[in-house]
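Engineer: Following the working numbering, the residues of the sequence shown are numbered contiguously, the last one being 246.
Please read through the structure below; I'll follow up with questions.
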Amino acid sequence: MRNPLSPLFLFMTVIFTTCLLISNLVAFKIVMLGAVAVPAGIFLFPLTYIINDCIAEVWGFRKARLMIWLAFGMNFFAVMFYQFAVALPPAPFWSGQPAFSNVLTQTPRIAVASLLAFLVGSFLNAYVMSKMKRAMNGAKFSLRAIASTIVGESADSAIFISIAFFAILSFRQLIAMIITQAFLKIMYEIVILPITQRVVIYIKRKENTDIIDREISYSIWKIKEVG
């Protein structure tokens, strides 16, 4: 029986999960991008949407759903273990506890905002990619990749910033941050699109696979349906 999980799919899932974990960790550092203040994770996090596009394009929504839940589970585990590690009493001779705590401690509000934004944004991205591919019979990958990223990244930015900074920033500041971050992430996708196209073409040839989701449940809970 054919194995529904190819080594290349597993490799991309590992990269997807790693990008998510790293970007969430470094997001606490704020840097200046010209005149705009952004979290450092903005340089890496958009790669998760590019990989999401590749997975949904080549293997379909089922595989994208599995990858998203696997990454979510690992990120949830990491967040929980960070809090456990911070709570452990430090050795008497170790002076790094304040810095360690500052970097790894997440308030429940930030943790919920991050996890929920990732789930909604990633599933919307995969859903739009899959539905548009079926409607266009596999044509116009560039259009579908950009459209799915616009929907996914906009939802991700709106959910995270709204939950994380509600009642902290003014409404106008919230809107400005949402628009700025979504715009930068979408531009990232557009700039790197030629590379994404080449990766997709390579994977399709390597795997001899190009799935169009004809009959599929888009329920996010059917994780066991992978092929």
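Every residue gets a Cβ at the ideal spot worked out from N, C-alpha and C, and that includes glycine.
Closest to I197 by C-alpha separation, out of A177, T215, S149 and I211, would be which residue?
Structural biologist: Per the Cα distances, A177.
Engineer: How is L52 classed by DSSP in three states: helix, strand or coil?
Structural biologist: The answer is strand: DSSP assigns L52 an E or B state.
Engineer: Enumerate in chain order the residues of its own chain whose CB-to-CB distance from T215 is below 6 Å, with the five nearest sequence positions on each side excluded.
Structural biologist: Here the set comprises I69.
Engineer: Does the Cβ of E234 have 16 or more other Cβ atoms within 10 Å, making it buried, or fewer, making it exposed?
Structural biologist: It counts as exposed.
Engineer: Around the C-beta of R217, are 16 or more other C-beta atoms found within 10 angstroms, so that it is buried, or is it exposed?
Structural biologist: Exposed, by the Cβ-count rule.
Engineer: Between which two residues does the alpha helix (DSSP H) harbouring S133 extend?
Structural biologist: It spans P127 to A154 - the alpha helix (DSSP H) in which S133 sits, taken as one unbroken run.
Engineer: Residues in the same chain with beta-carbon distance under 6 Å from I187, minus the five sequence neighbours each way, listed in chain order, please.
Structural biologist: So no residue of the chain qualifies.
Engineer: Provide the residue span of the alpha helix (DSSP H) that contains E76, from first to last.
Structural biologist: Here the alpha helix (DSSP H) through E76 covers P65 to V77.
Engineer: According to DSSP, simplified to helix, strand and coil, what is V57?
Structural biologist: Residue state, collapsed to three classes: strand.
Engineer: Pick helix, strand or coil for L203, following the three-state DSSP scheme.
Structural biologist: The answer is helix: DSSP assigns L203 an H, G or I state.
Engineer: Using the Cβ count rule (16 or more neighbours within 10 Å means buried), how would you classify S238?
Structural biologist: Classification of S238: exposed, given that the 10 Å Cβ count is below 16.
Engineer: Determine contact between the segment 119–137 and the segment 158–172, defined as no fewer than three beta-carbon pairs at a distance below 8 Å.
Structural biologist: No, the segment 119–137 does not touch the segment 158–172.
Engineer: Which partner residues does I188 have in the DSSP bridge list?
Structural biologist: Note that residue 188 is Leu in the sequence shown, not Ile. Answer is F185.
Engineer: Near S181, which residues of its chain fall below 7 Å by C-beta distance, leaving aside the five closest residues on each side in sequence?
Structural biologist: Only L193 meet the Cβ criterion.
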